[in-house]
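Undergrad: Counting in the working numbering, the sequence shown runs from 510 upward without gaps.
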Amino acid sequence: MRATAQRIHQRDMAEFGMSTYIIVRDTEKEARAELDRITTIDPNSPGYASFEEFVANSELDVEVSKREYSVGTRGLRPDLVGTPEQVAEKIKAYQEAGVTLLLIQCSPAHEELARIAEQVFPLVPARERAVATV
510 MRATAQRIHQ RDMAEFGMST YIIVRDTEKE ARAELDRITT IDPNSPGYAS
560 FEEFVANSEL DVEVSKREYS VGTRGLRPDL VGTPEQVAEK IKAYQEAGVT
610 LLLIQCSPAH EELARIAEQV FPLVPARERA VATV
């Protein structure tokens, strides 16, 4: 990612951020069940009609699935769903690819952020902070 920033912008980027929806549970099965619960869309619900309207009027250059729309973003694409260990391993892989900032989405926010902070963050190494020189 840094090489691309240098090539395009002729400078390093301070941060590389990624929006992600995180679901952590004791087992992967429980995490996937929660994902299914929050992304199941009833075609008879008002939310489904708004999805159809959004898709019909969107000028996005990528397709948004009903599942992604149900949580309001494309934050499901990084697939940070699973046990604390599984989610931490995926975060490490994104770190290795150059991601330095996660824009975390979850619900209910207070309880889920506490779970992520307590169970996942201790398993992810803090990134080294480089000192910028001019």
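The C-beta atom is built at its ideal place from N, Cα and C for all residues, glycine as well.
All values reported here derive from a predicted model rather than from experimental measurement.
To which residues of the same chain is Gly526 closer than 8 Å at the C-beta, ignoring the five residues directly before and after it?
TA: Here residue 526 is taken as the residue at index 17 of the sequence shown, counted from 1. Here the set comprises Val608, Thr609, Leu610, Leu611, Leu612.
Undergrad: Quick check on Ala597: buried or exposed, where buried means 16 or more other Cβ atoms within 10 Å of its Cβ?
TA: By one-based count along the sequence shown, residue 597 stands at place 88. The residue in question, Ala597, is buried, as its Cβ has 16 or more Cβ neighbours within 10 Å.
Undergrad: Looking at the strands, I want to know which residues DSSP matches up with Gln628.
TA: Here residue 628 refers to the residue found at position 119 of the sequence shown. In DSSP, Gln628 forms no bridge with anything.
Undergrad: Using 10 angstroms around the beta-carbon of Ile531, count the other beta-carbons present and answer buried if the total reaches 16, otherwise exposed.
TA: Along the sequence shown, one-based indexing puts residue 531 at 22. Answer is buried; the Cβ neighbour count reaches 16.
Undergrad: Using DSSP with H/G/I as helix, E/B as strand and the rest coil, what is Ala641?
TA: Within the sequence shown, residue 641 is the residue found at index 132, counting from 1. Confidence in Ala641 is poor, its pLDDT being 35 and thus under 50, which makes the residue's placement unreliable; the coordinate value appears in the next sentence. Coil, per DSSP.
Undergrad: Per the DSSP calculation, Ser528 is bridged to which residue(s)?
TA: As a working note, residue 528 is residue 19 in the sequence shown. Paired residues: Leu612.
Undergrad: Determine the contact status of Glu605 and Leu632, defining contact as a CB-CB distance below 8 Å.
TA: Taking the first residue of the sequence shown as 1, we reach residue 605 at position 96. Taking the first residue of the sequence shown as 1, we reach residue 632 at position 123. No.
Undergrad: Applying the criterion that 16 or more other CB atoms from any shown protein chain within 10 Å of the CB defines a buried residue, is Pro587 buried or exposed?
TA: As a working mapping, residue 587 is identified with position 78 in the sequence shown. Its Cβ being crowded by 16 or more others within 10 Å, Pro587 is buried.
Undergrad: To which residues of the same chain is Gln600 closer than 6 Å at the C-beta, ignoring the five residues directly before and after it?
TA: Along the sequence shown, one-based indexing puts residue 600 at 91. The sequence as given places Ile at residue 600; Gln does not occur at that position. For Ile600, where only same-chain residues beyond five positions count, the Cβ hits under 6 Å are Val633.
Undergrad: Would you mind stating whether Ala514 and Met522 have Cβ atoms separated by less than 8 Å?
TA: Along the sequence shown, one-based indexing puts residue 514 at 5. Along the sequence shown, one-based indexing puts residue 522 at 13. Closer than 8 Å, so yes.
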